[in-house]
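Accompanying notes for the structure given below.
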């Protein structure tokens, strides 16, 4: 008989903490809603697995390794069977390097943050009880949209103005699937859910207020519907080029509390539809495998390096001007990447696959374009496959090869987008090979 345990631990930082998710470093003035580390342990008596989601922009590799080691010591869950992913809220604390090397997490908060992740996992382990699991899926195509547009100028733009007549076409796809792992006790009482949906967590309009964004609103909505004791994990899908903004609907808000609630209710409704069609069972095989692949850093043209160094040496910099700050930051990142590539031309990236019955979960460590996730889903040998980005580390944006030719924010060279155009295909091929080894 399968056992399951769920837990949530508050990891909300104190006021004054540096926040991540925007170009400028903001400092938290208030808390709109708390941040949590959520954990789900599934144990078949032989090969337990642990899924952890945490309300931050991204989780650095060092955090993953330290937390896994501590969790393995406190439980009998092997480190390679533990998956840690970020929900990607843009209104949380800085816990991983994003831009230049000098912008680093606060060490005291980072230690408390990691302790919260470990406590969530160990509490879920201790909370194990005989349980029923159902895995289902539904579709919600009204909440997430591709954010990259080819303009009539031939330039690709992220977030063009709503209703712009300069738009030629929307560049890419979306992924409307809502994947659900539902957990109940033997008396059919709900214990919690693991939910997978692809959309940037950029909905809040309170820039200096801590918020878990729509994944937090979803958790609150599930508690409202099913009781305060239920736990909802959120694994964000491949949303590197997706967001909540529909530029073709001038009446739809771009941000704010009403839109937060709309996403929460829409995904919660989809969870319930998925659950209605799923079959609960206490007998599911578990497996987990991972591989560390080496991804090449991008080629840096000498002219790009020279221009960056010239800007840093001779350019006029105004820290109060957003454009000046952005260009200066990009120049610094280019110079740092030249040095990084000279020392280490390859970047390690863990690709992880987990099996729950005849369904697979794939964990990828970056802001992955939706097309890569769809390719994995399409070619996977599993009955159904859910793909999670920003898992087990962060290697920056993973655009498609075609996106590099069109321009746009996600492919501009920097620490947040430093890998070769072939990196996404390499990650996809590695994930599919792992799935083949588990399911064929």
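Residue numbers (the numbering used here): 1 to 440. The C-beta atom is built at its ideal place from N, Cα and C for all residues, glycine as well. All of these numbers come straight from a predicted model, not from anything done at the bench.
- If you compare the alpha carbons of 142, 355 and 246 with that of residue 167, the shortest gap goes to 246.
- Residue 317 sits exposed, since fewer than 16 C-beta atoms from the chains shown fall within 10 Å of its C-beta.
- Under the three-state reduction of DSSP output, residue 7 falls in the strand class.
- Short of 8 Å from the beta carbon of residue 202, and not among the five residues preceding or following it, lie these beta carbons of its own chain, in chain order: 21, 90, 213, 243, 244 and 255.
- Taking a cut-off of 8 Å on C-beta distances, the segment 45-61 touches the segment 120-132, as three or more cross pairs fall below it.
- Around the CB of residue 25, fewer than 16 other CB atoms lie within 10 Å, so the residue is classed as exposed.
- Straight across, the Cα-Cα distance linking residue 87 with residue 349 is about 19 Å.
- Residue 238 sits away from residue 422, with the two beta carbons spaced by 8 Å or more.
- Taking 8 Å as the cut-off, the beta carbon of residue 280 is found no closer than this to the beta carbon of residue 138.
- Secondary structure at residue 374: helix, using DSSP grouped into helix, strand and coil.
- Within the DSSP bridge table, the entry for residue 397 names 367 as partners.
- Residue 294 is classed as exposed because its beta carbon has fewer than 16 other beta carbons within 10 Å across all chains shown.
- Residue 318 carries a coil assignment under DSSP once its states are collapsed to helix, strand and coil.
- DSSP links residue 137 through a beta bridge to 179.
- Per DSSP, residue 333 has no beta-bridge partner at all.
- Looking at the DSSP output, residue 355 shares a beta bridge with 287 and 360.
- Judged by DSSP secondary structure, residue 100 falls outside any alpha helix (DSSP H); it is assigned neither H nor E.
- Residue environment analysis places residue 397 among the buried positions, since at least 16 neighbouring C-beta atoms fall within 10 angstroms of its C-beta.
- For residue 260, the CB contacts under 8 Å within the same chain, skipping 5 residues up- and downstream, are 203, 204, 213, 214 and 217 in chain order.
- Your pair residue 333 and residue 99 checks out as a contact, with CB atoms roughly 6 Å apart and the cut at 8 Å.
- Residue 338 carries a helical assignment under DSSP once its states are collapsed to helix, strand and coil.
- Residue 45 counts as exposed, since fewer than 16 other C-beta atoms from the protein chains shown sit within 10 angstroms of its C-beta.
- The residues 146, 172, 173, 174, 175, 198, 237, 238, 239, 240, 241 and 242, in chain order, have a CB closer than 8 Å to that of residue 370 in the same chain once the five nearest residues on each side in sequence are set aside.
- Contact annotation: residue 4 and residue 35 have beta-carbon atoms that are not nearer than 8 Å.
- By the CB criterion at 8 Å, residue 336 and residue 366 fall outside the cutoff.
- At a cut-off of 4 residues, the continuous stretches assigned as alpha helix (DSSP H) that sit fully inside the segment 40-74 are 61-74.
- The C-beta separation of residue 109 from residue 13 comes to about 5 Å, placing the pair in contact by the 8 Å criterion.
- Per DSSP, residue 85 is one residue of the beta strand (DSSP E) stretching across 82-86.
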